[in-house]
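Engineer: Provided herewith is a single structure, encoded as C-alpha cells, for subsequent inquiry.
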Amino acid sequence: MPKNSLKYAVLLVLLGVVAYNSVYFKKLDEVKTGSNSTSKFDPVAYAQTFWTSKLLPATSTATDFSTLLTLLKTDKEKAIDTYSHALGIGNIRYFLVKGEGKITTIGDNDVTLALPSGETIRLATEYIFGNAVRDASGLIKITEFDNTMDLNNVSAELNSIIRKKVVPPFKASAKAGSTVKFVGAIELNREHLHLDDVEVIPISVELGAGSKGQGDKSLTIKMRPLLPAPCAKPYKPC
1011 MPKNSLKYAV
1021 LLVLLGVVAY
1031 NSVYFKKLDE
1041 VKTGSNSTSK
1051 FDPVAYAQTF
1061 WTSKLLPATS
1071 TATDFSTLLT
1081 LLKTDKEKAI
1091 DTYSHALGIG
1101 NIRYFLVKGE
1111 GKITTIGDND
1121 VTLALPSGET
1131 IRLATEYIFG
1141 NAVRDASGLI
1151 KITEFDNTMD
1161 LNNVSAELNS
1171 IIRKKVVPPF
1181 KASAKAGSTV
1191 KFVGAIELNR
1201 EHLHLDDVEV
1211 IPISVELGAG
1221 SKGQGDKSLT
1231 IKMRPLLPAP
1241 CAKPYKPC
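Per this note's numbering, the sequence shown starts with residue 1011, numbered consecutively.
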C-alpha cells in the first residue's frame, strides 16, 4: 500500500474515533423528563409571591365601589376602559374595588352590606372561584405563562388563600350591624351589566364595632405576607 494511502487511512480511523467519542445519544423520554424537572411551574409558590408582593400592596389603589358604580351608570365605556382588567378577550371584565358598609344579612354563602350611598353588595364567603382575584389588579401578564393550565392554576391557588385565610376569621366575627371596610375583586359583563346585585370576592376585610357584644373592638383581616414556598426563587420548585 502506498505511504500516502496508509496515512490517509490512519487519519480517517482517528477522525472516526474522535467523532464517536464526541457524540452521544439519549432517549427522547429522558430528554423530556430532564427538561420538565428543571422548568416545571409551581402555581402555589407563584400565588403566594404574587399575593404578598403585588396584590396586597395594590389594595391601597383600589377604586371606590360607589364611585365606580356611578360612572358605570353614566359612562359605562369610560368606567370599563379606565378601571377594569382582563387577560382574556371578551366582555368579562374585572375590577379591584374598595368600600365600607354595615352588615345587614349573614347568609350561608355571603354577607350582605348596605353602603352609605344606598347600594348593597355581597361579600362572597362560600363560592370563591373564577379569575377575578387573579385579573382585577392588572398586575399579572399572560406572557409570564407557557400555557393556560398554569394560568388557571394560579387563579385556583389565589382563591384557595382567600377561602382558607380571609373568609374564616371574617365569618367567625361578623355580626349584623357591624361596620365593614373591604377591598375585593368583582366581575362584570360589559354587554350585560347587572349592578343591582354585585358580588365581591374579599381580599382584605376590616370588621369594626357596631354589633351587640363587640363594643369598640375591631377585627382586621389583612393577610400577613405569606412565607415563600420551599425552594421558591421566587416561585421556582426544588
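Glycine is no exception: its CB is placed at the ideal position from the N, C-alpha and C atoms.
1) For L1168 versus R1200, is the C-beta distance shorter than 8 Å?
2) With a threshold of 16 other CB atoms inside 10 Å of the CB of K1042, please say whether the residue is buried or exposed.
3) Using three-state DSSP, classify A1166 as helix, strand or coil.
4) Find the nearest neighbour of G1194 within the set S1183, A1182, N1119 and E1209, judged by alpha-carbon distance.
5) Can you tell me whether DSSP reads Q1224 as helix, strand or coil?
6) Below 8 Å, can you find three or more Cβ-Cβ pairs linking the segment 1077 to 1088 to the segment 1162 to 1177?
7) Which two residues bound the contiguous alpha helix (DSSP H) that contains L1203?
8) Assuming I1213 contacts I1152 (C-beta within less than 8 Å), just tell me the rounded distance between them.
9) Excluding sequence positions up to five away, which residues of its chain have a Cβ less than 7 Å from the Cβ of A1124?
10) Using CA coordinates, which residue listed in V1121, S1070 and L1097 is at the minimum distance from T1189?
11) Run the CB neighbour count on L1106, radius 10 Å, all protein chains shown included, and call it buried at 16 or more, exposed below.
12) Do A1142 and I1196 have their CB atoms nearer than 8 Å?
13) Leaving aside the five residues before and after D1160 along the sequence, list all residues of the same chain whose C-beta is less than 7 Å from its C-beta, in chain order.
14) Could you tell me the distance, in whole angstroms, from the CA atom of T1071 to the CA atom of Q1058?
15) Can you tell me whether A1134 is buried or exposed, with buried defined as 16 or more other CB within 10 angstroms of its CB?
16) Skipping 5 residues on each side, what residues in its chain have a beta carbon closer than 7 Å to that of F1139?
17) In this structure, does DSSP put D1091 in helix, strand or coil?
18) Can you tell me the Cα-Cα spacing of V1176 and D1156, whole angstroms?
19) Quick check on the burial criterion: 16 or more other C-beta atoms within 10 angstroms. Buried or exposed for T1092?
20) Can you tell which of N1101, H1095, I1116 and S1147 has the C-alpha that lies nearest to the C-alpha of K1064?
Structural biologist: Checking against the coordinates, here is how it stands:
1) no
2) Note that K1042 has pLDDT 47, beneath the 50 cutoff, so the model's placement of it is unreliable and no number is given.
3) helix
4) E1209
5) In this prediction, Q1224 has a pLDDT of 31, which is less than 50 and means its spatial position is unreliable; what the coordinates show is noted afterwards. Three-state DSSP puts Q1224 in coil, outside helix and strand.
6) no
7) Per DSSP, L1203 belongs to no alpha helix (DSSP H) and is neither H nor E.
8) Between I1152 and I1213 the Cβ distance is about 21 Å, and since that is not below 8 Å, they are no contact.
9) G1111, K1112, T1114 and T1130
10) V1121
11) buried
12) yes
13) F1051 and P1053
14) 20 Å
15) buried
16) N1169
17) helix
18) 30 Å
19) exposed
20) S1147
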